[in-house]
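Numbering (the UniProt record's numbering), first residue to last: 1 to 291.
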Amino acid sequence: MANQSVFTLINQQTGNLAFKIFSFDDNRHFDHLQRHNYYSLIWIKKGEGKLKADFSEYDFTGNTLFAFSLYQPFMLSSENIKGVAIQFHPDFFCIHKHQNEVACNGVLFNNIYQPPFTLIDEISSLAFESLYEQIQNEMQNQALAQYELLVSYLKIFLIKASRLKAEQLPNFPENTSQKEPFILQNLKNSIESNFKIKHSASDYAEDLNISAKALAKITKTYFNKTLTDLIAERIVIEAKRELYLTNKTVKEIAFELGYEDEYYFSRFFKNNAEVSPQLFRETVGYGRSAN
């Protein structure tokens with residue numbers, strides 16, 4: 001389109017995308033299944049439609065910010081959207097290594113318990129618009145310390161978006177008993193504590209002293225996912241983190257995640273991530289840079 005603008009930085013060592021921003025005024029970028037070896041922030045300024053991500057489907061309207069992690073599958077169905085996108089490879093900026101500074105991992109990205117989007121209010125919209133313009137200006141200006149300035153703008157964008165997302169806690173229906181949210185919090189705690197050793201839904205039902213059928217119904221109602229999906233997502237997120245941040249073998253990672261058979265684990269990873277552990281490592285990590 002005539003008013004579309006795309007700015008891209010390429011990693012000179014690998015030839016892969018490092019950092020990219022672009023504006024869009026239709027859905028052609030996102031109307032097919034996306035699985036990228038980089039992070040994507042997609043800000044829908046105007047329009048509405050449906051998002052398919054992982055195992056779920058959501059309706060969306062304007063002033064919504066999507067955040068998708070490495071190889072996370074997503075697709076947008078819409079005919080009238082306008083907005084901007086920011087995409088970055090972990091070699092350009094690693095959210096794991098900068099967790100103490102930015103704290104977006106588990107909030108914006110890799111949050112298996114909440115939908116992968118944040119609603120943007122008017123004040124935040126002005127702040128994000130200003131940041132995007134600064135990034136765009138810097139992308140056109142290959143001056144001294146361009147990389148450092150771009151990372152600074154990206155950090156601010158991620159921090160503001162993470163704060164906004166953190167404020168938007170799940171809204172439980174009014175007729176919900178107090179017991180169910182309490183069980184959900186216990187379930188989240190149990191998954192975080194046990195996902196490396198407990199892989200079946202029945203394990204968690206037993207942990208929480210609730211029937212598997214009842215827990216399955218509650219999980220589907222509040223997270224729009226099955227409990228099996230939640231467990232699988234959590235295991236894959238940890239595996240991706242290990243593949244990127246460490247030089248452990250796939251066999252070592254599999255064993256640490258409770259899988260004695262490396263090949264069974266590799267099949268499980270590929271079924272859920274649509275990419276083998278080895279290809280994920282080749283295209284994303286092991287973290288080569290200091291970022």
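Every residue gets a Cβ at the ideal spot worked out from N, C-alpha and C, and that includes glycine.
Since the structure is predicted, the reported quantities are computational estimates derived from the model, not experimental observations.
- Task: Starting from the Cα of D25, find the closest Cα among L41, G47, N37 and give me that residue.
- Result: For D25, the nearest C-alpha among the options comes from G47.
- Going along the chain, which unbroken runs of the beta strand (DSSP E) with 3 or more residues stay wholly within the segment 101 to 189? Those beta strand (DSSP E) runs which fall completely within the segment 101 to 189 and span 3+ residues are 117 to 119.
- Closest residue to residue 307 among F269, Y38, L230, F280 (Cα-Cα distance): This structure leaves residue 307 out entirely; the chain is present only between 1 and 291.
- With a threshold of 16 other CB atoms inside 10 Å of the CB of Y263, please say whether the residue is buried or exposed. The residue is exposed, with fewer than 16 neighbouring Cβ atoms inside 10 Å.
- Item | Distance between beta carbons of F109 and A151, contact taken as under 8 Å | Note that residue 151 corresponds to Val in the displayed sequence, not to Ala. 16 Å between Cβ atoms; not a contact.
- Query: In chain order, what residues of the same chain lie with their CB nearer than 6 Å to the CB of L149, ignoring the 5 residues before and after it?
  - Reply: Within the same chain, L149 has close Cβ partners E138.
- Query: Hey, F19 and F88 are a contact pair by Cβ (cut 8 Å); roughly how many whole angstroms apart?
  - Reply: At roughly 5 Å, the Cβ-Cβ gap stays under 8 Å, so F19 and F88 are in contact.
- Message: Assess contact between the segment 267 to 280 and the segment 219 to 237, defined as three or more Cβ pairs (one per stretch) separated by less than 8 Å. Is contact present?
- Response: The segment 267 to 280 vs the segment 219 to 237: in contact.
- Message: For a quick check, are the C-beta atoms of N27 and S69 less than 8 Å apart?
- Response: Cβ distance not < 8 Å, so N27 and S69 don't count as in contact.
- DSSP beta-bridge partners for V250? Paired residues: none, contrary to the question.
- Give the secondary structure of residue 349 by DSSP, where H, G and I count as helix, E and B as strand, and everything else as coil. Look at the range of the chain in this structure, 1 to 291, and you will see that residue 349 is not part of it.
- Item | Rounded separation between S40 and A85 - CA only | S40 and A85: Cα-Cα distance of roughly 7 Å.
- Query: How about the segment 251 to 263 and the segment 194 to 206: do they share at least three Cβ pairs that are nearer than 8 Å?
  - Reply: Here the segment 251 to 263 makes contact with the segment 194 to 206; the two share three or more CB pairs at distances below 8 Å.
- Item | From D54, Q134, M75, H36, residue whose alpha carbon lies closest to that of A232 | Among D54, Q134, M75, H36, the Cα nearest to that of A232 is on D54.
- Query: If you draw a straight line from the alpha carbon of E274 to that of Y71, how long is it in whole angstroms?
  - Reply: Whole-angstrom Cα-Cα distance: 8 Å.
- Thinking just about the alpha-carbon of each residue, which of H29, R241, T221 is nearest to the one in I95? Relative to the Cα of I95, the nearest Cα in the group H29, R241, T221 belongs to R241.
- Task: Kindly indicate which residue of L227, L65, K97 has the alpha-carbon position closest to the one of T246.
- Result: Sorting L227, L65, K97 by C-alpha distance to the C-alpha of T246 places K97 at the top.
- Item | Reduced DSSP category for K45 - H, G, I as helix; E, B as strand; rest coil | In the structure shown, K45 adopts extended strand secondary structure according to DSSP, grouped into three states.
- With distances taken Cα to Cα, identify the nearest neighbour of L65 among S125, L279, R281, E57. Out of S125, L279, R281, E57, S125 has the C-alpha closest to the C-alpha of L65.
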